[in-house]
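Going by my numbering, the first sequence opens with residue 1, and the numbers climb by one from there.
The structure under discussion appears below in the form of structure tokens.
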Amino acid sequence: MTNREVCEIFHEIAEILEILGENPFKSRAYRNAARVLENAGFDVQDLVREGRLEDVPGIGSALAAKIRELVTTGRLAYYEDLKQKAPRDVLEMLKIPGVGAKTVQVFLNHNITSLQELEAAARDQRLRELPGIGKKTEEEILRGLAAMQERQKRWLLSVASMAVKEIGGYLAGLDKAARVEVAGSYRRGRETVGDLDFVVASDDAPAVIARFVDAPWVREVVAEGDLKATVITVWGIQADLYVVAPPLFASTLHHFTGSKEHNVALRERARQHGWKISEYGIVKEEETLTPATEEEFFQLIGLSYIPPEMREDRGEIRAAERGELPRLVETGDIEGDLHVHSRASDGANTLEELAEAAMARGYRYLAVTDHSRSLAFTNGLTEERLKEQREEIDRLNREFRNFRLLAGIEVDILSDGRLDFDDRVLSQLDVVVASVHSGFRQDQETLNRRIEAALKNEHVDIIGHPTGRLISRRDPYALDVGRVLELAADTGTALEINANPDRLDLSDAYVRQGRDLGVRFAIDTDAHHVNSLDDMQYGVLTARRGWAQKQDVINTLPLDELEKWLKRHGR
DNA sequence: GCCGTTTTCGGCCCGACTGTTTTCAGTCG
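This is the structure:
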């Protein structure tokens with residue numbers, strides 16, 4: 001029983017309790033405990049073994065007993081009972097927009113106990129007979145049922161980014177908009193976002209709202225009020241707009257940047273001091289303070305500035321109280337990219353084009369790391385072709401000033417754990433990235449052996465996309481990542497934060513875990529085209545979400561220090 | 001169900017929008 005499995009069960013229990021009309025604070029307690037476990041750096045099984053469950057804030061005697069039962073028997077009688085009362089199909093009803101626990105209660109009281117029955121009742125116009133439900137709600141439910149698949153979708157950061165540029169540009173162009181900022185999970189740099197939130201400062205809210213719902217990229221207006229509006233865009237992604245008077249901009253921006261958990265924790269803390277926090281500012285002793293900036297906002301409540309990427313209630317508030325927040329790595333710290341492909345394997349560009357693009361981005365170096373021979377479908381390089389490429393790189397480097405192409409390889413970690421080139425070949429290269437591209441379905445033991453062999457090879461500098469996941473398309477390999485992190489800290493091998501928005505691998509949570517162990521990272525784009533060099537921003541966001549600092553990331557090093565690191569790195 | 005410089009009992013984050021109501025509950029972020 002993993003942390004994640006316990007969390008899922010707790011979340012489900014919380015939903016069932018709400019539908020059953022139990023004490024709302026009880027379901028909150030389950031949710032809260034689930035969230036603590038999700039973000040925890042520990043394994044519940046260890047805590048159970050060590051009898052330390054109750055030391056975890058949010059877990060008292062009752063929840064501890066339930067976790068113990070789950071971990072030791074794999075089942076939970078209480079949960080089995082609850083499931084009888086509200087089967088999964090009923091919980092699905094909560095996913096319909098506008099339908100919450102109270103509405104589901106009404107359905108259950110009128111013998112509507114499945115999505116099918118719900119749809120039938122709506123079609124027969126029987127729903128509108130129920131208390132608190134009218135014609136509009138009935139229609140909304142029918143629409144919601146039809147769009148359920150689509151609406152649950154989350155969007156990759158790269159897709160959201162395109163929409164943000166368009167919408168942000170449009171809003172910024174409005175006369176009445178004094179300030180425009182994107183908020184929400186996009187601003188926090190989450191790997192996927194469910195919708196987009198914009199905050200605009202204006203003295204004329206109605207005018208801004210009117211232009212927003214009337215924009216050319218609006219497909220459907222979901223809600224329209226005096227201060228906020230919600231639309232579905234032509235790209236399918238939902239966009240929310242909040243318009244406030246200029247003095248309230250910073251408070252509102254903070255509020256809608258979230259996360260929800262961060263906000264709740266912050267308000268809870270404020271309440272303990274006798275203050276009150278809302279999007280309208282901070283109330284201290286009857287006086288409402290409206291900070292001009294987010295920096296001032298945090299200052300007013302006795303905290304140092306918490307960057308958006310850290311606002312997840314994962315310990316950032318306590319760190320800010322103590323002035324112990326890390327100084328997160330920034331895009332401007334990046335001196336070069338250590339994993340890109342050229343035309344020699346499956347990339348699109350020549351070495352010159354790659355070098356030029358790197359220099360245009362202010363980089364001091366770029367490692368060309370084409371695939372190795374065994375990846376035939378990528379036109380992987382043989383030893384001979386690798387040698388030719390090295391010669392061309394040497395020739396080009398003689399012409400560059402303040403820039404260096406590094407000769408590298410993305411060497412395949414073969415199914416049996418050997419590398420695709422022997423040590424003699426690898427030792428002649430500047431940078432060696434080792435990655436798994438086959439045998440994804442092997443068992444955990446085998447996969448760990450393969451990666452561990454690569455980590456222990458003294459010529460390997462970086463493990464590429466360490467867990468192999470593709471966001472919302474392919475799960476990670478069955479890897480014990482904890483063990484990989486520990487070994488990487490030991491051997492001094494860097495782990496990649498692959499910046500490709502489909503990968504973001506390592507993920508933010510693993511970065512955080514690795515950082516605490518002293519792992520070094522390389523933020524690489526794995527670009528197959530010069531345009532993808534710009535993906536670096538997503539990798540940096542992920543690193544920041546994992547609390548990584550400049551010194552945790554090897555490609556922030558100036559060239560001479562990087563070369564020293566590549567030669568030694570801790571061995 | 002948790003928790004305690006206000007508490008071992010009585011609290012537990014805050015406000016806008018919508019629809020169904022005639023003053024508010026439910027939902028959402």
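Idealized CB from N, CA, C, for every residue including glycine.
From a predicted model like this one, the values you see are computed outputs, not experimental measurements.
Short Cβ contact (8 Å threshold) for residue i with residue j
{"i": "L429", "j": "I409", "result": "yes"}
{"i": "Y242", "j": "K260", "result": "no"}
{"i": "R449", "j": "G492", "result": "no"}
{"i": "G189", "j": "E309", "result": "yes"}
{"i": "M93", "j": "L118", "result": "yes"}
{"i": "L303", "j": "E285", "result": "no"}
{"i": "D337", "j": "L366", "result": "yes"}
{"i": "I471", "j": "E496", "result": "no"}
{"i": "V340", "j": "T542", "result": "no"}
{"i": "F256", "j": "G184", "result": "yes"}
{"i": "D89", "j": "L108", "result": "no"}
{"i": "E353", "j": "V530", "result": "yes"}
{"i": "E69", "j": "G60", "result": "no"}
{"i": "F403", "j": "A355", "result": "yes"}
{"i": "P466", "j": "L506", "result": "yes"}
{"i": "I237", "j": "E220", "result": "no"}
{"i": "I559", "j": "R364", "result": "According to the sequence as given, residue 559 is Leu; it is not Ile. Yes."}
{"i": "E295", "j": "Y280", "result": "no"}
{"i": "L406", "j": "A454", "result": "no"}
{"i": "E191", "j": "L562", "result": "no"}
{"i": "D461", "j": "V432", "result": "yes"}
{"i": "E579", "j": "H262", "result": "Given that the chain is displayed from residue 1 to residue 571, the structure contains no residue 579 and the question cannot be resolved."}
{"i": "A265", "j": "L533", "result": "no"}
{"i": "L300", "j": "R544", "result": "no"}
{"i": "D226", "j": "A239", "result": "no"}
{"i": "S91", "j": "E22", "result": "First, the amino acid is wrong: residue 91 is Leu here, not Ser. Contact flag unset, no."}
Spatial distance of residue i from residue j (CA atoms)
{"i": "I277", "j": "V283", "result": "6 Å"}
{"i": "L174", "j": "Y538", "result": "29 Å"}
{"i": "D197", "j": "T293", "result": "18 Å"}
{"i": "Q442", "j": "V436", "result": "11 Å"}
{"i": "R571", "j": "G468", "result": "In this predicted model, R571 has a pLDDT of only 47, less than 50, meaning its place in the structure is not dependable; the value taken from the coordinates is given anyway. Rounded to whole angstroms, R571 to G468 spans 26 Å at the Cα level."}
{"i": "F212", "j": "R187", "result": "20 Å"}
{"i": "L325", "j": "G546", "result": "12 Å"}
{"i": "V218", "j": "R143", "result": "18 Å"}
{"i": "L17", "j": "P57", "result": "21 Å"}
{"i": "V244", "j": "R123", "result": "40 Å"}
{"i": "R498", "j": "T113", "result": "Note that residue 498 corresponds to Asn in the displayed sequence, not to Arg. Looking at the two C-alpha atoms, the distance is approximately 45 Å."}
{"i": "N32", "j": "A14", "result": "10 Å"}
{"i": "V126", "j": "E8", "result": "Residue identity check: residue 126 is Arg in the sequence provided, not Val. Near 34 Å, if we compare the C-alpha coordinates of E8 and R126."}
{"i": "T446", "j": "N349", "result": "36 Å"}
{"i": "D370", "j": "E392", "result": "14 Å"}
{"i": "N457", "j": "T72", "result": "39 Å"}
{"i": "N379", "j": "V234", "result": "39 Å"}
{"i": "E287", "j": "V208", "result": "29 Å"}
{"i": "I523", "j": "D502", "result": "15 Å"}
{"i": "P291", "j": "E316", "result": "20 Å"}
{"i": "K153", "j": "L386", "result": "43 Å"}
{"i": "L396", "j": "F521", "result": "28 Å"}
{"i": "E224", "j": "L82", "result": "38 Å"}
{"i": "A210", "j": "D203", "result": "14 Å"}
{"i": "V106", "j": "A121", "result": "13 Å"}
{"i": "K102", "j": "S161", "result": "36 Å"}
Anticipated Cβ contact below 8 Å, residue i with residue j, distance rounded
{"i": "S342", "j": "F421", "result": "That pair is no contact at about 17 Å."}
{"i": "L579", "j": "S345", "result": "What is shown of the chain runs 1 to 571, which leaves residue 579 out entirely."}
{"i": "Y510", "j": "V540", "result": "About 16 Å; that fails the 8 Å criterion."}
{"i": "W479", "j": "Q444", "result": "Reading the sequence as shown, one finds Leu at residue 479 and not Trp. With 8 Å as the limit, L479 and Q444 qualify as a contact, their Cβ atoms being about 7 Å apart."}
{"i": "V104", "j": "I19", "result": "5 Å"}
{"i": "R361", "j": "N39", "result": "Contact flag wrong, Cβ pair sits at about 34 Å."}
Residue i Cβ short of 7 Å to the ligand FMN heavy atom set
{"i": "D43", "result": "Absence of the ligand FMN is noted for the structure shown, with no ligands found whatsoever."}
For this session: Mind the definition here: the segment 479–491 touches the segment 516–525 only if three or more C-beta pairs lie below 8 Å; say whether that holds.
Result: With a cut-off of 8 Å, the segment 516–525 and the segment 479–491 count as touching, because enough Cβ pairs lie within range.
Problem set entry | Residue ranges of each alpha helix (DSSP H) within the segment 271–359, 4 or longer | With a minimum length of 4 residues, the continuous alpha helix (DSSP H) runs that stay inside the segment 271–359 are 294–300 and 316–321.
Exercise. Counting Cβ pairs, one atom from each stretch, are 3 or more of them under 8 Å apart for the segment 1–9 and the segment 50–65?
Worked result: No: fewer than three Cβ pairs fall under 8 Å.
Exercise. Counting Cβ pairs, one atom from each stretch, are 3 or more of them under 8 Å apart for the segment 197–213 and the segment 245–253?
Worked result: Proximity of the segment 197–213 to the segment 245–253 meets the contact definition, three or more beta-carbon pairs being nearer than 8 Å.
For this session: Flag this pair as touching only if the segment 329–336 and the segment 534–550 have three or more C-beta atom pairs under 8 Å; answer yes or no.
Result: Short answer: they touch.
For this session: Count the CB pairs spanning the segment 132–141 and the segment 159–177 that are closer than 8 Å, and state whether there are at least three.
Result: Because the criterion of three Cβ pairs below 8 Å is not met, the segment 132–141 and the segment 159–177 do not touch.
For this session: For the segment 133–206, list the beta strand (DSSP E) runs that are entirely contained and at least 3 residues long, ordered along the chain.
Result: If one requires a minimum length of 3 residues, the beta strand (DSSP E) runs lying completely within the segment 133–206 are 179–182 and 195–201, in chain order.
Exercise. Does the count of Cβ pairs from the segment 44–59 and the segment 97–106 closer than 8 Å reach three?
Worked result: No: fewer than three Cβ pairs fall under 8 Å.
Exercise. For the segment 471–556, which segments carrying the beta strand (DSSP E) assignment without a break, of at least 3 residues, lie completely within its bounds, in sequence order?
Worked result: Segments of the beta strand (DSSP E) lying fully in the segment 471–556: 494–498 and 521–524.
Problem set entry | Complete alpha helix (DSSP H) runs within the segment 4–89 (minimum length 4 residues, chain order) | Counting only runs that start and end inside the segment 4–89, the alpha helix (DSSP H) elements of at least 4 residues fall at 24–39, 44–50, 61–73 and 77–85.
Problem set entry | Secondary structure, beta strand (DSSP E): runs of 3+ residues fully inside the segment 362–394 | Listed in chain order, they are 365–371.
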